[in-house]
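Q:
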Amino acid sequence: MEYTIDELMAVTMARLIKDGDVVFHGVASPLPMVAARLAKLTHAPNSIYFAGTGGGMNPEPPFMATMTQDAVLFEGAEAILTVDYIFNLAARGEMDVMFFSGGQIDKYGNLNNTLIGSIDDIKVKLPGGAGGANLSCEVNKFIIWTTRHRKRVSSSGREIYTLVEKVDFITSTGFYEGGDSRERLGIHGGGPYKTVTELGVFGFDEETKIMKLETIHPDVTVDDIIENTMFKPIIPDDVEVTAPPTEDELEILREKVDPTGVRKVEFPKDELKRKFEL
Amino acid sequence: MEYTIDELMAVTMARLIKDGDVVFHGVASPLPMVAARLAKLTHAPNSIYFAGTGGGMNPEPPFMATMTQDAVLFEGAEAILTVDYIFNLAARGEMDVMFFSGGQIDKYGNLNNTLIGSIDDIKVKLPGGAGGANLSCEVNKFIIWTTRHRKRVSSSGREIYTLVEKVDFITSTGFYEGGDSRERLGIHGGGPYKTVTELGVFGFDEETKIMKLETIHPDVTVDDIIENTMFKPIIPDDVEVTAPPTEDELEILREKVDPTGVRKVEFPKDELKRKFEL
Amino acid sequence: MGIYPEPNKLMALEEAAELVKDGDIVAFGGALSVREPIAFIRELIRQGVKNLHTVGTAHGFDIDLAVGGGIVGVVQNTYVGFEFDFGLAPNFRRAVEQGKVVSKEDGCNSLIYGLRAAALGVPFLPHLNFETSDIMKLHPEFKKFKCPITGQTLIAIPALEPDVAILHARLADKKGNAVIAKPYVADILMARASKKTIITAEKVVDKLGKEPHIPYFEVAAVVEVPFGAHPTALYPDYTYDKDHIAEYIRLSRSPETFREYLDKYVYGPESHEEYLKLIDTEKLKNWKTW
Amino acid sequence: MGIYPEPNKLMALEEAAELVKDGDIVAFGGALSVREPIAFIRELIRQGVKNLHTVGTAHGFDIDLAVGGGIVGVVQNTYVGFEFDFGLAPNFRRAVEQGKVVSKEDGCNSLIYGLRAAALGVPFLPHLNFETSDIMKLHPEFKKFKCPITGQTLIAIPALEPDVAILHARLADKKGNAVIAKPYVADILMARASKKTIITAEKVVDKLGKEPHIPYFEVAAVVEVPFGAHPTALYPDYTYDKDHIAEYIRLSRSPETFREYLDKYVYGPESHEEYLKLIDTEKLKNWKTW
Numbered sequence: 000m001e002y003t004i005d006e007l008m009a010v011t012m013a014r015l016i017k018d019g020d021v022v023f024h025g026v027a028s029p030l031p032m033v034a035a036r037l038a039k040l041t042h043a044p045n046s047i048y049f050a051g052t053g054g055g056m057n058p059e060p061p062f063m064a065t066m067t068q069d070a071v072l073f074e075g076a077e078a079i080l081t082v083d084y085i086f087n088l089a090a091r092g093e094m095d096v097m098f099f100s101g102g103q104i105d106k107y108g109n110l111n112n113t114l115i116g117s118i119d120d121i122k123v124k125l126p127g128g129a130g131g132a133n134l135s136c137e138v139n140k141f142i143i144w145t146t147r148h149r150k151r152v153s154s155s156g157r158e159i160y161t162l163v164e165k166v167d168f169i170t171s172t173g174f175y176e177g178g179d180s181r182e183r184l185g186i187h188g189g190g191p192y193k194t195v196t197e198l199g200v201f202g203f204d205e206e207t208k209i210m211k212l213e214t215i216h217p218d219v220t221v222d223d224i225i226e227n228t229m230f231k232p233i234i235p236d237d238v239e240v241t242a243p244p245t246e247d248e249l250e251i252l253r254e255k256v257d258p259t260g261v262r263k264v265e266f267p268k269d270e271l272k273r274k275f276e277l
Numbered sequence: 000m001e002y003t004i005d006e007l008m009a010v011t012m013a014r015l016i017k018d019g020d021v022v023f024h025g026v027a028s029p030l031p032m033v034a035a036r037l038a039k040l041t042h043a044p045n046s047i048y049f050a051g052t053g054g055g056m057n058p059e060p061p062f063m064a065t066m067t068q069d070a071v072l073f074e075g076a077e078a079i080l081t082v083d084y085i086f087n088l089a090a091r092g093e094m095d096v097m098f099f100s101g102g103q104i105d106k107y108g109n110l111n112n113t114l115i116g117s118i119d120d121i122k123v124k125l126p127g128g129a130g131g132a133n134l135s136c137e138v139n140k141f142i143i144w145t146t147r148h149r150k151r152v153s154s155s156g157r158e159i160y161t162l163v164e165k166v167d168f169i170t171s172t173g174f175y176e177g178g179d180s181r182e183r184l185g186i187h188g189g190g191p192y193k194t195v196t197e198l199g200v201f202g203f204d205e206e207t208k209i210m211k212l213e214t215i216h217p218d219v220t221v222d223d224i225i226e227n228t229m230f231k232p233i234i235p236d237d238v239e240v241t242a243p244p245t246e247d248e249l250e251i252l253r254e255k256v257d258p259t260g261v262r263k264v265e266f267p268k269d270e271l272k273r274k275f276e277l
Numbered sequence: 000m001g002i003y004p005e006p007n008k009l010m011a012l013e014e015a016a017e018l019v020k021d022g023d024i025v026a027f028g029g030a031l032s033v034r035e036p037i038a039f040i041r042e043l044i045r046q047g048v049k050n051l052h053t054v055g056t057a058h059g060f061d062i063d064l065a066v067g068g069g070i071v072g073v074v075q076n077t078y079v080g081f082e083f084d085f086g087l088a089p090n091f092r093r094a095v096e097q098g099k100v101v102s103k104e105d106g107c108n109s110l111i112y113g114l115r116a117a118a119l120g121v122p123f124l125p126h127l128n129f130e131t132s133d134i135m136k137l138h139p140e141f142k143k144f145k146c147p148i149t150g151q152t153l154i155a156i157p158a159l160e161p162d163v164a165i166l167h168a169r170l171a172d173k174k175g176n177a178v179i180a181k182p183y184v185a186d187i188l189m190a191r192a193s194k195k196t197i198i199t200a201e202k203v204v205d206k207l208g209k210e211p212h213i214p215y216f217e218v219a220a221v222v223e224v225p226f227g228a229h230p231t232a233l234y235p236d237y238t239y240d241k242d243h244i245a246e247y248i249r250l251s252r253s254p255e256t257f258r259e260y261l262d263k264y265v266y267g268p269e270s271h272e273e274y275l276k277l278i279d280t281e282k283l284k285n286w287k288t289w
Numbered sequence: 000m001g002i003y004p005e006p007n008k009l010m011a012l013e014e015a016a017e018l019v020k021d022g023d024i025v026a027f028g029g030a031l032s033v034r035e036p037i038a039f040i041r042e043l044i045r046q047g048v049k050n051l052h053t054v055g056t057a058h059g060f061d062i063d064l065a066v067g068g069g070i071v072g073v074v075q076n077t078y079v080g081f082e083f084d085f086g087l088a089p090n091f092r093r094a095v096e097q098g099k100v101v102s103k104e105d106g107c108n109s110l111i112y113g114l115r116a117a118a119l120g121v122p123f124l125p126h127l128n129f130e131t132s133d134i135m136k137l138h139p140e141f142k143k144f145k146c147p148i149t150g151q152t153l154i155a156i157p158a159l160e161p162d163v164a165i166l167h168a169r170l171a172d173k174k175g176n177a178v179i180a181k182p183y184v185a186d187i188l189m190a191r192a193s194k195k196t197i198i199t200a201e202k203v204v205d206k207l208g209k210e211p212h213i214p215y216f217e218v219a220a221v222v223e224v225p226f227g228a229h230p231t232a233l234y235p236d237y238t239y240d241k242d243h244i245a246e247y248i249r250l251s252r253s254p255e256t257f258r259e260y261l262d263k264y265v266y267g268p269e270s271h272e273e274y275l276k277l278i279d280t281e282k283l284k285n286w287k288t289w
């Protein structure tokens with residue numbers, strides 16, 4: 000039996016959700032959507048899933064949507080909550096898991112969804128961080144994901160990284176300047192918990208709060224990680240391979256959660272050609 | 000055609016509501032309830048009436064209730080709002096008219112609904128001011144009413160006044176210590192507008208903010224007012240008699256607004272024997 | 000702060016009442032003559048919990064019964080009384096005048112701001128100035144401060160997080176999703192502000208079939224108690240029981256006579272079913288005869 | 000601050016759009032791919048209002064069209080883009096990068112706190128500290144201060160009172176009572192926070208027959224505009240028009256090609272009815288084929 004990178008990422012992200020967790024994601028979040036729903040249908044049946052700012056509580060969609068406000072995300076929902084109500088859970092310390100991505104992600108897990116360049120000289124206006132600026136300072140933990148870890152080359156020949164030394168603009172706060180800098184300022188919430196990319200999974204070093212490689216995906220080497228990461232992540236001596244999905248997880252993912260393959264839209268086409276043997 | 004004191008007070012209070020006003024009252028408020036509804040069926044069809052903390056918006060009850068949470072106050076309501084939502088109108092400066100009463104009412108229109116005696120030695124615990132403490136500092140204007148203006152004698156032979164020199168406890172803020180004392184502290188809202196009792200109607204002197212007699216009811220003399228009021232109200236040279244209800248108002252009040260006579264429950268029995276010729 | 004993800008929270012009244020501890024801050028739902036969780040309060044009296052601190056807007060029978068039943072230490076409601084039907088709340092008034100219960104009377108909006116701060120997860124909310132009210136003297140926890148934006152005087156109302164909200168619903172599922180009933184008063188806010196919510200419901204069903212007013216994750220326990228608001232009303236199912244209240248008022252004239260009330264209606268019945276045999280429920284159901 | 004007691008507010012789209020003035024702070028309802036008041040925005044572009052300041056959470060087509068149509072000066076939304084269907088918002092991005100529009104990007108919760116402060120009638124609300132976010136640099140009006148209760152650092156978010164909220168509803172009556180549709184997003188809060196609300200509705204009826212989400216006294220104007228959210232969705236009546244968006248994205252690649260879009264869909268049609276002839280409304284209505 001084979002599986003693909005989108006499936007590996009979805010399952011890896013799902014497994015970070017514990018039973019009973021309150022789980023939320025924002026706009027443009029196919030993988031978190033799929034992961035949250037998969038967790039609920041596998042090991043975390045009592046997790047509480049708010050399907051984006053549309054506010055569907057524990058929906059049972061027959062398939063997933065590219066758009067977070069799609070009607071399918073209200074199918075079978077136990078309630079439809081207003082967005083302000085959901086955000087209050089975070090400030091109360093009741094939002095266990097959120098998922099954030101970023102156009103740039105730095106070694107402390109700070110995220111940039113706002114602009115490339117500077118405030119006074121905006122090279123690229125990104126869509127914006129939505130709830131991230133506030134919620135990253137409130138939720139119990141957040142999981143960073145990106146399907147664009149691999150560096151690429153711009154039309155002008157410059158190398159472009161997603162995982163950068165320093166973000167151009169901190170939209171969502173990770174471990175800020177590292178160490179206890181976040182805690183010292185009285186920022187609430189636990190900060191970033193893991194970073195899941197198409198190459199591997201990182202945690203954060205307990206003391207320095209720098210990203211620390213935990214696992215690499217089956218067709219990835221530690222050198223691939225180093226080459227595609229602008230900053231120097233902490234790399235332990237023994238880096239294991241990311242645990243594969245189970246057959247059960249794959250079946251539920253493919254048949255019940257996301258039969259139309261919405262999870263794939265986040266990936267560059269070439270990534271989807273990667274196949275792994277179960 | 001005859002009319003009675005409950006009818007005169009209801010009509011007098013109703014006429015203080017202008018068309019388009021937002022009108023609210025609290026608990027234990029039969030006369031305000033009847034007045035608000037009467038205004039809406041006569042000269043103020045576009046007034047916006049919230050029927051107490053039950054939150055019925057513009058209900059069309061076939062009769063009135065003694066209790067402000069009674070189901071009849073939701074009959075025909077355009078919406079049922081939560082109590083916190085209604086209160087916000089006051090802070091926004093959008094609540095035009097409220098009605099407050101008090102166990103004690105002083106010359107500046109401060110109201111006591113909390114206790115007789117002092118905080119450290121409570122002789123009588125009154126039910127409480129409900130929204131008054133906050134809302135009296137927010138609503139555009141409030142109307143004070145009482146059906147207990149007449150002094151009475153306690154079992155120990157002491158004279159008891161409702162309209163007192165100084166309240167034992169300020170629950171709701173009138174013109175506080177008079178003059179510009181209320182304004183100077185930055186208290187919002189216009190403060191008390193009129194006081195309607197079973198003996199007459201008072202306004203407030205523009206400068207001193209002391210209660211100023213405006214009209215007396217048909218069977219009342221200025222001496223009656225003086226004798227039953229502990230403080231010295233301002234009494235102008237010419238005090239007119241309170242304008243009588245029109246036949247229309249009486250008919251609508253008796254037939255459509257309050258056919259069961261809920262407005263009468265606030266009055267001592269003897270007061271209801273007073274009859275006036277139209 | 001509290002999240003209750005469990006799928007089945009259905010329990011007996013006795014078990015749910017044990018979730019309320021001595022000294023807890025409790026918010027009873029409903030108001031005045033409607034939808035107060037009276038069956039639950041009777042059980043609290045039977046269990047003899049002590050020194051509860053009640054918070055809420057204008058209430059009546061619930062607070063007076065709880066005070067008369069000896070389970071209350073502090074009352075932070077904004078009004079406690081009947082209306083022009085039965086007047087002052089006899090047990091509440093007596094207990095406060097005798098110094099047995101502390102009245103920490105609040106204003107409706109400042110009370111709501113406290114609950115709202117808790118619901119929002121912020122340490123306080125700024126209320127427009129009402130420093131001229133002596134209600135401020137009963138609340139040393141309310142602090143005057145200068146607005147960091149405009150410089151005006153405001154009152155900081157600290158977050159008021161009840162240990163438990165007890166709400167009587169018309170319908171609930173076993174998880175705790177609950178449909179309350181008009182008037183909603185402050186119930187939804189109370190559920191959100193509290194550490195946990197207990198739902199007593201007229202009926203517990205497998206599937207609600209409609210949008211809940213209270214989402215299940217706020218709810219720690221669900222109890223099925225038909226006529227659970229009696230003698231207050233739950234519209235449109237049943238109305239306020241004036242005959243019962245008249246008897247209550249009569250028996251509340253002294254602590255001794257009130258003991259008769261408690262013996263007959265609280266301690267006497269072996270169960271809620273037995274209690275209901277003392278009530279003419281048919282009459283209450285057929286109220287809508289106007 | 001605004002109360003609208005009038006019993007009949009029904010008016011033409013043209014007349015309602017005149018209520019929006021140059022420089023107004025405007026809150027568009029809905030979000031991203033749903034229930035945005037697009038017919039109204041087309042009329043605003045035709046009337047050539049200038050320099051609007053938009054506020055809201057995550058939006059897409061509405062803001063991008065308004066920016067492309069030249070009526071926006073400042074965007075305070077928290078996200079402007081399509082999702083994984085069509086990616087970045089082309090007109091918005093170009094205008095910001097060229098300095099023609101100011102992006103005053105906000106966080107969803109801080110944006111909501113501003114609206115909520117306005118809804119509550121208080122000058123500010125205290126938000127948990129997020130001083131580490133550079134979003135603070137785009138908002139000099141947000142002030143760090145010390146909590147008067149706990150001493151912790153908080154961020155004061157000043158009241159944000161839109162001049163007008165424009166919400167697309169499923170149903171409204173002539174007075175303005177309006178039933179919106181799932182998802183509700185921030186519409187109810189926007190109506191409450193704004194000086195006035197304009198309701199565009201699929202259908203205007205004499206009697207709603209159900210509880211409104213928006214009470215009439217917040218509403219200054221009611222306009223009947225079937226398919227008024229097109230090309231965004233209004234569930235369950237019609238879905239997101241991906242074909243239309245694809246055409247939009249294609250024509251947005253330069254200001255010159257975007258002029259073609261405006262000529263065809265905004266300036267071209269004589270009326271909203273004429274606009275609808277350009278759309279396959281049947282297909283959009285029959286979306287629920289899964």
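As you go down the protein sequences, you meet chains Y, F, D and G in turn. Residue numbering for the first sequence is 0 to 277, as defined by numbering that gives the first Met the number 0. Residue numbering for the second sequence is 0 to 277, as defined by numbering that gives the first Met the number 0. Residue numbering for the third sequence is 0 to 289, as defined by numbering that gives the first Met the number 0. Residue numbering for the fourth sequence is 0 to 289, as defined by numbering that gives the first Met the number 0. We treat Cβ as the ideally placed atom computed from N, Cα and C, and that holds for glycine. Note that the structure is a prediction, hence the values are computed from the model and not measured.
In chain order, which continuous runs of the alpha helix (DSSP H) of length 4 or greater are located wholly inside the region 113 to 192 of chain D?
A: DSSP runs (the alpha helix (DSSP H)) wholly in the region 113 to 192 of chain D: 186 to 192.
Q: Which full runs of the alpha helix (DSSP H) of 4+ residues lie inside the region 203 to 259 of chain F, going along the chain?
A: Complete alpha helix (DSSP H) runs here, min 4: 221 to 227 and 246 to 250.
Q: Between which two residues does the beta strand (DSSP E) containing T280/G stretch?
A: No beta strand (DSSP E) holds T280/G; the alpha helix (DSSP H) holding it covers T280 to K284.
Q: Say whether chain D places a C-beta atom closer than 8 Å to the C-beta of N133/F.
A: It does: the Cβ of N133/F has a partner Cβ on chain D nearer than 8 Å.
Q: Using the beta-carbon of each residue, which ones in chain G are nearer than 8 Å to I213/D?
A: The contacting residues do not exist; I213/D stays about 17 Å from chain G at best.
Q: Leaving out five residues before and five after S109/G in sequence, what residues of the same chain have Cβ atoms less than 8 Å from its Cβ?
A: Correct list, in chain order: H126, F129, I134, H138, F141, I154 and I156.
Q: Taking T131/G as the reference, which of V166/Y, D83/Y, N111/Y and R181/Y has the closest Cα?
A: If we check each option's Cα against that of T131/G, R181/Y comes out closest.
Q: In or out: N76/G buried (at least 16 other Cβ within 10 Å) or exposed?
A: It is buried - the Cβ of N76/G has at least 16 other Cβ atoms within 10 Å.
Q: Indicate whether the contact test is met: 3 or more Cβ pairs, each with one atom in the region 129 to 138 of chain Y and one in the region 80 to 87 of chain G, closer than 8 Å.
A: No, the region 129 to 138 of chain Y does not touch the region 80 to 87 of chain G.
Q: If you pair each beta-carbon of the region 14 to 22 of chain F with each one of the region 34 to 54 of chain F, do three or more pairs fall below 8 Å?
A: Yes, since at least three Cβ pairs between the region 14 to 22 of chain F and the region 34 to 54 of chain F fall closer than 8 Å, the two stretches touch.
Q: How long is the line joining the alpha carbons of V66/G and F91/G, rounded to whole angstroms?
A: Rounded to the nearest angstrom, the two C-alpha atoms are 6 Å apart.
Q: My output table needs one value for Q46/G: the three-state DSSP class, helix, strand or coil.
A: Helix.
Q: For a contact meaning CB atoms closer than 7 Å, what does Q75/D contact in chain F?
A: Residues of chain F passing the Cβ test: none, with the nearest at roughly 10 Å.
Q: Is the Cβ of M56/Y closer than 8 Å to any Cβ of chain D?
A: With 8 Å as the cut-off, M56/Y counts as an interface residue toward chain D.
Q: I want to verify the contact list: residues of chain F whose CB lies under 7 Å from the CB of N108/D, in sequence order.
A: Here the neighbours are F86, G130, N133 and L134.
Q: Check whether the Cβ atoms of K193/F and G199/F lie closer than 8 Å to each other.
A: Not closer than 8 Å, so no.
Q: How close, in whole Å, do the beta carbons of V19/G and L43/G come, if the pair is a contact with beta carbons under 8 Å?
A: Yes, V19/G and L43/G are in contact; Cβ-Cβ is about 6 Å, under 8 Å.
Q: Run down chain G in chain order and give the residues with a C-beta less than 8 Å from the C-beta of V121/D.
A: Near V121/D (Cβ distances below 8 Å), the residues of chain G are L124, P125, H126, L127 and L153.
Q: Select from the region 50 to 74 of chain Y all residues with a C-beta closer than 8 Å to any C-beta belonging to chain G, and list them in chain order.
A: Going along the region 50 to 74 of chain Y in chain order, one finds T52, G53, G54, G55, P61, F62, T65, M66, T67, Q68, D69, A70, V71 and F73 with a Cβ nearer than 8 Å to chain G.
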